Amino acid sequence: MLGAMMNRPLLISSLLEFAVINHPGTEIVSRRVEGDIHRYRWSDAALRCARVANAITRLGVKPGDRIGTLAWNTYRHLELYFGVSGMGGVLHTINPRLFPEQIAWIVNHAQDRIIFVDLTFLPLLDAVRAQLKTLEKVVVLCDADAMPAGRDDLVCYETLIAAESSTFAWPEFDERSASSLCYTSGTTGHPKGVLYSHRSTVLHAWASLHSGGLNIGRESVVLPVVPMFHVNAWGTPYAAAMSGAKLVFPGPGMDGKSLHELIDAEQATLLLGVPTVWLGLLTYLDSINAKMDSVKHAVVGGSAAPLSMIRAFDEKHDVFLIHAWGMTETSPLGTVNAPTEEVLALPKEERYLRQAKQGRPIFGVDLKIIDDEGQELPRDGRAFGRLMIRGPWVASGYYLQKDSPLTDGWFDTGDVATLDAGNTMQIVDRRKDVIKSGGEWISSIDLENIAVGHPAVKEACVIGVPHPKWDERPLLLVILKDGASISKEELLGFVGKSIARFWLPDDVIFVMELPHTATGKLFKLPLREQYANHLLKQVS
Ligand code: AMP
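Under this note's numbering, the first residue of the sequence shown carries the number 492, and numbering increases by one thereafter.
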């Protein structure tokens, strides 16, 4: 027997309509590409979202058509989030940090008809434009007087939407319809398209609000440094519309100084970003001896946060660093290590160790770990295996790809993890990065996080390289902080204090830079190739 309840579709436009009625006066503040600070309210945003929907409808965009963006986190990008998805279009947020050939490939694969681009990224788009087979129009996200001269191939965003009506009848359609598209920055092969739906997006936003999630409410002032071109800024634009939180967008100002200015001026309470961004912010705040008084929580994800970072946030700024884990394929929130009374009551060092874990799944997400034969492993905090996930905001397939990535309905994350009796998850490593030495496993992430705890170390990367006796041994590559110096022996002595003997890297190499992927993660593949013979040479 079916229940007798309304079957109202979960649509992104309903988030916007809700925001306008329930918190029309809540501010959205942006640092613009032009450099100034822009502020308006949800009631203003909604009028411009309607103009966007009218404009693209007039340009012939039909429900399901893909519309690209190459843009920073600003109010204009927000208008496209709601305007494009709201009318039934699919917003394809393009990561400008991808290689130009990858950008050309994904725009062609997605068959983008229009691309909305910030001035910053116009040269990038111009460089590949001749290769873009389906692109009909390029709209530049700037004021009319900032438009590049002599470019009648470009349309100005402000001029385009100014000509349109500020009312739009948001259509109702199947909540499973596609709403946005984000490509993974695969380190091998072509990027893969993850196609979110209205339903998955609204449910993910809902789940993210509660206190076991990101704890976002009307009183929150949310500053997503995580880009809107990478997994929808972790869903914060939708979560803000749902909760009435004030949004503060950093635009292109993701350096420590610009972030600090904005945090202080807008009294941000919740920050979200990857570890490298927080490192930049902490270093800047140290250099001017400043604190972040308004901030209560900062969320970190995308890569593991080292203990030294968790400690610095707490001891210097009284900010609880909330570890979260997810992927492009999981919308992205999978687990959150939200503060609980129990954890807050722990002695500091014990608490930091708990915070270093990636946390518990939020309701809707199921996790399990399995061995190579597919057998489920115990939740004992020790057994580690392939991390599998399922849930209503987890990808069931990739855009235009026939083969299913699922095994018995579960998505294999590619991560190796432990789960404890309370279902708290801790990432051990990416499966391809874990080091197999003499039949034992060594976590490259753990070693990196210990090494960056040394005050002389700016960034650390550990890779497994071939060894004649042990198969693989860890090699530590390190970038030192400006002006710092330390010997290999000193650094190994420091790292050795916190690990089992056989984990100790066989050598340390000081480098000037380390390769990263388009989403800021260490890119270890070329390093493994470059240093493949390093230990073989030494041992022979
Ligand atoms: P992406 O799809 O680019 O967002 O990358 C997802 C991957 O980033 C995950 O499969 C993890 O390997 C890694 N990742 C994300 N969050 C964390 C975290 N908090 N700690 C460690 N690794 C993480």
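Built from N, CA and C at the ideal position, the CB exists for glycine as well. Given the structure is predicted, the values throughout are model-derived calculations rather than measurements.
Whose C-beta lies closer than 8 Å to the C-beta of P500 among residues of the same chain, with five residues either side of it excluded?
Result list for P500: E663, F664, D665, E666, H689 and R690, in chain order.
Given this structure, state the Cα-to-Cα distance separating Q1021 from I954, to the nearest angstrom.
C-alpha separation (whole angstroms): 11 Å.
Just to confirm before moving on: does the CB-CB distance between I606 and L616 stay below 9 Å?
Yes, Cβ-Cβ distance for I606 and L616 is below 9 Å.
Quick check: what's the CA-CA separation for R602 versus T625?
What sits at residue 602 in the sequence shown is Gln, not Arg. In a straight line, the C-alpha of Q602 is about 5 Å away from that of T625.
Using C-beta distances below 8 Å, list every residue in its chain close to S734, excluding the 5 sequence neighbours before and after it, in chain order.
L700, I707, G708, R709 and S711.
Quick test of your reading: H814 and K848, contact by CB under 8 Å. State the CB separation rounded to the nearest angstrom.
At roughly 7 Å, the Cβ-Cβ gap stays under 8 Å, so H814 and K848 are in contact.
When the distance is taken between beta carbons, is A698 closer than 9 Å to I801?
Contact: no.
Going by C-alpha to C-alpha distance, which of C540, P957, T560 and I933 sits closest to I594?
Out of C540, P957, T560 and I933, T560 has the C-alpha closest to the C-alpha of I594.
Comparing alpha-carbon positions, which option in V631, P743, N780 and G744 lies nearest D643?
The shortest Cα separation from D643 among V631, P743, N780 and G744 belongs to V631.
For M719, does the count of other Cβ atoms within 10 angstroms reach 16, so buried, or fall short, so exposed?
By the neighbour-count rule (16 or more Cβ atoms within 10 Å), M719 is buried.
Look up Y1034 in the DSSP assignment and say whether it is helix, strand or coil.
With the chain represented from 492 up to 1031, any question about residue 1034 goes unanswered, as that position is not in the structure.
Nearest by alpha-carbon distance to K628: which of L582, I926 and I558 is it?
The option with the nearest alpha carbon to K628 is I558.
Is there contact between the region 928 to 945 and the region 958 to 975, where contact requires at least three CB pairs shorter than 8 Å?
Counting Cβ pairs under 8 Å, three or more are found: they touch.
Can you tell which of N599, G793, Q1029 and Q892 has its C-alpha closest to the C-alpha of L966?
Here the closest residue by C-alpha is Q1029.
Using a 10 Å radius around the Cβ and a threshold of 16 neighbouring Cβ atoms, would you call A731 buried or exposed?
Result: buried.
What first and last residue would you give for the beta strand (DSSP E) that runs through V685?
Element bounds for V685: G684 to S688.
For H695 and W884, I'd like the C-alpha separation in whole angstroms.
C-alpha separation (whole angstroms): 6 Å.
With a threshold of 9 Å between beta carbons, is L1018 in contact with chain E?
Considering every chain present, this structure includes no chain E. It has just one protein chain.
Leaving aside the five residues before and after P728 along the sequence, list all residues of the same chain whose C-beta is less than 6 Å from its C-beta, in chain order.
Same-chain partners within the cutoff: L569 and Y572.
Output the residues surrounding the ligand AMP, defined as those with a CB atom closer than 7 Å to any ligand heavy atom, in chain order.
Output, sorted by chain position: T675, S676, H721, V722, V791, G792, G793, S794, A795, A796, H814, A815, W816, G817, M818, T819, E820, P823, Q849, T904, G905, D906, I918, R921, I936, T1010 and K1012.
Rounded to whole angstroms, what is the Cα-Cα separation between G1068 and G974?
The question about residue 1068 has no answer, for the chain in this structure spans 492 to 1031.
Helix or strand or just coil, what does DSSP make of Y531?
Here Y531 sits in strand by DSSP.
Less than 8 Å between C-beta atoms, sequence neighbours within five positions excluded: which residues of the same chain meet that for Y843?
Closer than 8 Å at Cβ, skipping near neighbours: L798, I801, R802 and D805.
Taking just the CA atoms, how far does P823 sit from G726?
Spanning the two alpha carbons is a distance of roughly 8 Å.
For Q917, write down the residues that DSSP places opposite it in a beta bridge.
Its beta-bridge partners are T909.
Determine whether the beta carbon atoms of P682 and I597 lie at a separation below 9 Å.
It is a contact, given that the beta carbons lie within the stated cut-off.
In chain order, what residues of the same chain have a beta carbon less than 8 Å from the beta carbon of I503, not counting five sequence neighbours either side?
These residues qualify, in order along the chain: Y572, F573, S576, G577, S670, H689, T692, V693 and Y729.
If you reduce the DSSP assignment to three classes, tell me which class S702 lands in.
If DSSP states are grouped into helix, strand and coil, S702 belongs with coil.
Could you compute how far the alpha carbon of P587 sits from the alpha carbon of A562?
If you take the alpha carbons of P587 and A562, they lie about 8 Å apart.
Could you tell me whether the Cβ atoms of L878 and V856 are closer together than 9 Å?
Not closer than 9 Å, so no.
Below 8 Å on the Cβ atoms is my guess for T565 versus R523; work out the distance and round it to an integer in Å.
6 Å between Cβ atoms; contact.
For Q892, count neighbouring Cβ atoms within 10 angstroms of its own Cβ and tell me buried if that reaches 16, exposed if not.
By the 10 Å Cβ count, Q892 comes out exposed.
Using the rule of at least 16 other Cβ atoms within 10 Å of the residue's Cβ for burial, across every protein chain shown, is L1027 buried or exposed?
By the neighbour-count rule (16 or more Cβ atoms within 10 Å), L1027 is not buried but exposed.
Give the secondary structure of Y729 by DSSP, where H, G and I count as helix, E and B as strand, and everything else as coil.
Y729: helix per DSSP, three-state reduction.
Based on the DSSP output, what are the partners of H788 in its beta bridges?
Paired residue(s): L761 and F811.
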